[in-house]
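Protein chains in written order, with the numbering used here: chain A, 1 to 227; chain B, 228 to 454; chain C, 455 to 681; chain D, 682 to 908; chain E, 909 to 1135; chain F, 1136 to 1362.
Glycine included, each C-beta is placed from N, C-alpha and C at the ideal position.
This report refers to the structure that appears directly beneath it.
There are 6 protein chains.
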Amino acid sequence: MKIVIKIGGSLIQLGEEIDLELISKYAEVIRRLKREGHKLVIVVGGGVIARKYIETMRKLKAPESVCDLLGIKIARLNAYILISAIRNDVYPKVPETLEEAISVFSMGKIVVMGGLQPGQSTNAVAALLAESIRADILVNATTVDGVYTAPPETPGAKKLDQVTTDQLMEIMQSSTEFKAGEYRLFDPLAILIVRRARLPVKIIDGRDPQNILKAIRGEKVGTTVIP
Amino acid sequence: MKIVIKIGGSLIQLGEEIDLELISKYAEVIRRLKREGHKLVIVVGGGVIARKYIETMRKLKAPESVCDLLGIKIARLNAYILISAIRNDVYPKVPETLEEAISVFSMGKIVVMGGLQPGQSTNAVAALLAESIRADILVNATTVDGVYTAPPETPGAKKLDQVTTDQLMEIMQSSTEFKAGEYRLFDPLAILIVRRARLPVKIIDGRDPQNILKAIRGEKVGTTVIP
Amino acid sequence: MKIVIKIGGSLIQLGEEIDLELISKYAEVIRRLKREGHKLVIVVGGGVIARKYIETMRKLKAPESVCDLLGIKIARLNAYILISAIRNDVYPKVPETLEEAISVFSMGKIVVMGGLQPGQSTNAVAALLAESIRADILVNATTVDGVYTAPPETPGAKKLDQVTTDQLMEIMQSSTEFKAGEYRLFDPLAILIVRRARLPVKIIDGRDPQNILKAIRGEKVGTTVIP
Amino acid sequence: MKIVIKIGGSLIQLGEEIDLELISKYAEVIRRLKREGHKLVIVVGGGVIARKYIETMRKLKAPESVCDLLGIKIARLNAYILISAIRNDVYPKVPETLEEAISVFSMGKIVVMGGLQPGQSTNAVAALLAESIRADILVNATTVDGVYTAPPETPGAKKLDQVTTDQLMEIMQSSTEFKAGEYRLFDPLAILIVRRARLPVKIIDGRDPQNILKAIRGEKVGTTVIP
Amino acid sequence: MKIVIKIGGSLIQLGEEIDLELISKYAEVIRRLKREGHKLVIVVGGGVIARKYIETMRKLKAPESVCDLLGIKIARLNAYILISAIRNDVYPKVPETLEEAISVFSMGKIVVMGGLQPGQSTNAVAALLAESIRADILVNATTVDGVYTAPPETPGAKKLDQVTTDQLMEIMQSSTEFKAGEYRLFDPLAILIVRRARLPVKIIDGRDPQNILKAIRGEKVGTTVIP
Amino acid sequence: MKIVIKIGGSLIQLGEEIDLELISKYAEVIRRLKREGHKLVIVVGGGVIARKYIETMRKLKAPESVCDLLGIKIARLNAYILISAIRNDVYPKVPETLEEAISVFSMGKIVVMGGLQPGQSTNAVAALLAESIRADILVNATTVDGVYTAPPETPGAKKLDQVTTDQLMEIMQSSTEFKAGEYRLFDPLAILIVRRARLPVKIIDGRDPQNILKAIRGEKVGTTVIP
């Protein structure tokens, strides 16, 4: 199977600290999928440190797109950390364009990436790559256990087992700010790509990387997006 | 003034033909703005030939993002044609990343570009660049004379002198398809960037390049987007 | 066997249209050769659209070498189309320098290219690559069924089964114009490389891609160039 | 004058926080030097965040040279922050090779850099650049007010007004660890380059950026290295 | 005036030695032309050391195009030496593609180059660049004092004050070998470009760099090629 | 085994001549190691021609770091010669950054390199790479048969079978000049990397490439560095 896994940046950082234990578990799951014969692209987000740099840039009144550039560069650093944790069968350089990513993927190695260009979240990057390589599944590992009808902490918010892309778009738009580094479970661009490419997507709780294996084996976990 | 001008790809192509006369007029207007001391970035779209290549790719069942890559490359070819028409004080190479574009712009030459990465229309590229260089105005030259309440050919559609980004988003979403090379006066990503960067935008009839001068001098022309 | 196949740009375009059916047949032949264990480089020409862009540039009084740059970029677009048609076991990026092409070829994938640098036709590029990778054969697929003693439409022109490089040089020089995008069955630079590298060359009728298989199997087809 | 300024990474970070106030003061000093007609290269170090990433990599048992790569990438992020703070007359991209840095410098803009290649501290990078552009002075802004006979906190350690490169080498070797991201006032490679290029160097207290102006005007401040 | 100067590689090497005195004279002439307001591109050939490396490669049975690659890289080293000799107002990096050369030239610095791609002599590169920047003159500095009716050492060979490109082609073809690094006063590709671009060319004795000044001032010197 | 072999530049050049016979023997040894299943990186030095170019640059008063750039480029040419000699299973392009080298190595081909950045000898490059790929052994092929207590020609100098990195540092510092292209058996940076990475190093007489095989098989030869 061709698999794209998006790992939220805030997953691999606990407050200011980088969560080495969780990263090691991700590395283990990824190596296992590789051994089972799957072809893998991993896209890592920026997380807390990205947000810290972006806030600094914003205070300096840097344009959002330039803030975004920095966020992308930090997501790439997180990708390098994951590469070091995976260690074998992984391409040691983080691709910086879609074309480079596709080319490296064609050589058979695990590809680990951060962002690409300003104006695209790492979720959109994961969707673009999934589309480009005709992935069989896109697993989105986040800090919640699925998609809710409203922000999870809202009273009455219910977890959904399935959502259509239309529903997802609606839920997201009510809660999203369009700024570099802002938390976005799935942004409009990512949803549009999922829809046009008819990508099978699973949104799962990434705090336990085993959920990735469940998602790939078709077990019931998180929320399934119906493209 | 720092000015970004987006020129729709379909403007510079008449059916299958490249409209040399109109291109020469654009070159004249751009050289004039340069002589008057303005700093310029021009973003050119893909047009008919882009769509022809993209359709071919689609028939070959290429993923949309790969189709997009081709559309971007053709928009860049159109940029090379405009560079040849402008001839002096213009940077002879088409930048391929946002960072390259910003760097070249800082050296004082006219910058002419096509697209950047899949998932972003050339309208979004123009908005990103306008944001990045803190442009005073973004002029969007299209094949209609402004924004209408409905597709211009619809009975009862009225031209608007002003729109807010919210209105624009609403109008656009009712008529847009999210596919490589598809006609989009202004796509969601472009609108979101215009809004967050509070960019002054003018949408004008690009069939007469003099409208660009009018827009820049603050004369009444086309539709003004209130960010 | 190491095989270089040059596909004329005018083959894959019928007038203004891209000939999807023929492209699919080429893709099939190429995949088959790959399955049989051959190592392949394909060089695609620019064709009608290249000529259209070049003419536009010429009317803008762009230097020929800059026209050539555009022709090269369009040949690369054609290469991307062929890549999409071949789909598997093909390197997804079009190399832009000889060194890049040789490097990618060494990794075992099918390489598909357009042009390299101004002043070199795609025929010369095919010859350079054939020389660089020590190809066993260079098959040149054109719109005629071989080399004639004079332009094929001339009364009395006879098809040749074999030509020496000296004869070929003579025939070519009487009918060639040295301009970006001009029709050239085989230009002087290409012939000189064929001669110095002692490359076995077959010039065949590319309107039927099966002729490529015949040429490679040593069957009688087209014209054989004796280096 | 041609001036290279090295700004220690720990200066621009207070613990986990990026010190925006100090960065703004640096930007002011740099803009002022530019207005006075000086030509400037600024090299920024990695600081606390670099060390955090490097420690993470080390725990993953990444080779030191790969840790170094990450430290370099973070120093470059710090350079982007400084670029945003300087804002005008500064090249917007951080050069990644010595050749790129020299080329950009030749175009007359302020150049801001992080590191270059593993095995070289940002101090060595500053010295290499100072040598390459034949700088009149290299100002090293650190968190101490000059070179001491022993680590500053040691009882009896005395600040020196002048040191020879031999003395400096001796002092440094007794206190330096050779690891990615480790604190090094001036490492052996940097000292060797200073010596061979006979570079005038001033080591000053960077907590007050005014000291840079003093150093450049030849006022008594920090420690002067006699090459 | 826009001027392209080609300096033969064998001029700047005496046997195995690099002729520093002559190089310094060239640098002086180039600086002087720059001071007089001319815009300059210099193309340097490979010379003896190039030929030594190429011979080694040939003995290892490397393909000619790969030999060519090495010759190009050595011509670029010679370019770096000339850059060091010119020292000011010169771009410190040697461009490696036509597009890069044109871009750097547009920024107003003296550009110094070696070769571009296999299959093109540095003479052809000089002609391509002269065409691309619409040069007013191309001065070719060689080790003879002009074009002769036959190789200069042949009894009865006469120096010509003027040649047409047709004559030049005829003279050259009788004496040229088409191999990497081989001596060629002017190869077919270079002549074809001179002809199509109608470039004014002067072939002069480069052993005295003052001849360059004479050629540019329109004084009688060497051989004039009538395009 | 993962093996890094450093071949001194003066080994492959006899005075002004390139020693083709020795190069062929090296190629044979390298192919043999590849066939035995080892993974290989070869780093080649600059040698006599590098020194000639560097001297020329120095006479032109070029900064040492710029001289170094040229030395690096010539070491890369030597790498291309070795690539041509090895011919199969070798990556045809010489990597120019550490990251590129590591990436190419991960694809399973023999990697052949010259230098990386000014300020680092090719010995340091070999050590950096050995560290980065976690090499099992670094074999340093030089023109002497091991490390001596003093320069080998000194009366009383004794060859050592083993040295610690501290001893090596001491021996080297007494005899080393820190200049581009200067002879250095092992420079401080290289030793520091060997020490921190605990790299097993063998310094052997490279005039007989069979010594490389002996070193790898653990036979007694040259000097062993105890990290």
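Among the options, nearest to residue i - alpha-carbon criterion
i: C:E470; options: B:A353, B:K252 and B:I276; result: B:I276
i: E:K981; options: E:P1003, E:I1134, E:T1051 and E:L919; result: E:P1003
i: C:K613; options: C:P572, C:V675 and C:A578; result: C:V675
i: E:K960; options: F:D1203, F:L1303 and F:L1212; result: F:L1212
i: E:Q1070; options: E:I1079, E:T964, E:L928 and E:C975; result: E:I1079
i: A:F105; options: A:K214, A:K2, A:I212 and A:A215; result: A:K2
i: C:E475; options: C:G491, C:G525, C:A539 and C:K460; result: C:A539
i: B:V374; options: B:G346, B:E358 and B:I453; result: B:I453
i: B:G341; options: B:T376, B:V317 and B:G298; result: B:G298
i: F:I1338; options: F:I1351, F:A1332 and F:R1331; result: F:I1351
i: F:E1190; options: E:Q921, E:P1060, E:D1044 and E:I926; result: E:I926
i: C:A533; options: B:T451, B:M284, B:Q437 and B:Y318; result: B:M284
i: F:R1342; options: F:D1280, F:K1196 and F:R1166; result: F:D1280
i: D:A708; options: D:Q854, D:A838 and D:N769; result: D:N769
i: F:A1261; options: F:K1228, F:P1290, F:V1336 and F:T1299; result: F:V1336
Residue i, enclosing alpha helix (DSSP H) - first and last residue
i: B:Q394; result: T392 to Q400
i: B:A377; result: Taken as a continuous stretch (DSSP letters only), B:A377 belongs to no alpha helix (DSSP H), as it is neither H nor E.
i: B:I281; result: G274 to K286
i: D:V722; result: Looking at the DSSP string, D:V722 is not in any alpha helix (DSSP H); the run it does join, the beta strand (DSSP E), is K720 to V725.
i: A:V29; result: L20 to R35
i: B:E326; result: L325 to S333
i: C:K668; result: Q664 to I670
First through last residue of the beta strand (DSSP E) which encompasses residue i
i: A:K73; result: Note, A:K73: premise wrong, no beta strand (DSSP E); alpha helix (DSSP H) at E64 to I86.
i: E:I1099; result: Careful: E:I1099 lies outside any beta strand (DSSP E), inside the alpha helix (DSSP H) at P1096 to A1105.
i: E:I913; result: K910 to I915
Distance between beta carbons of residue j and residue i, contact taken as under 8 angstroms
i: B:I360; j: B:V268; result: 7 angstroms
i: C:L552; j: E:S973; result: 7 angstroms
i: A:K34; j: A:I110; result: 6 angstroms
i: B:G235; j: B:A368; result: 6 angstroms
i: F:L1324; j: D:L809; result: F:L1324 to D:L809, Cβ: 13 angstroms. No contact.
i: C:V566; j: C:A529; result: So it is not a contact: roughly 11 angstroms between Cβ atoms.
i: B:P345; j: B:D295; result: 4 angstroms
i: E:L1121; j: E:V937; result: 6 angstroms
i: D:L873; j: D:K687; result: Contact doesn't hold; Cβ gap of about 16 angstroms is too wide.
i: A:M107; j: C:M561; result: 6 angstroms
For residue i, the residue or residues it bridges with in DSSP
i: C:T608; result: DSSP, once it has assigned bridges, lists no residue as partnering C:T608.
i: C:I657; result: C:N594 and C:T677
i: D:L841; result: D:V828
i: F:I1245; result: F:V1225
Cβ-heavy atom distance, residue i to the ligand FMN, below 7 angstroms
i: E:K960; result: Looking at this structure, you won't find the ligand FMN or any other ligand, since it has none at all.
Minimum length 4: unbroken alpha helix (DSSP H) runs contained in the stretch 568–598 of chain C: 576–586
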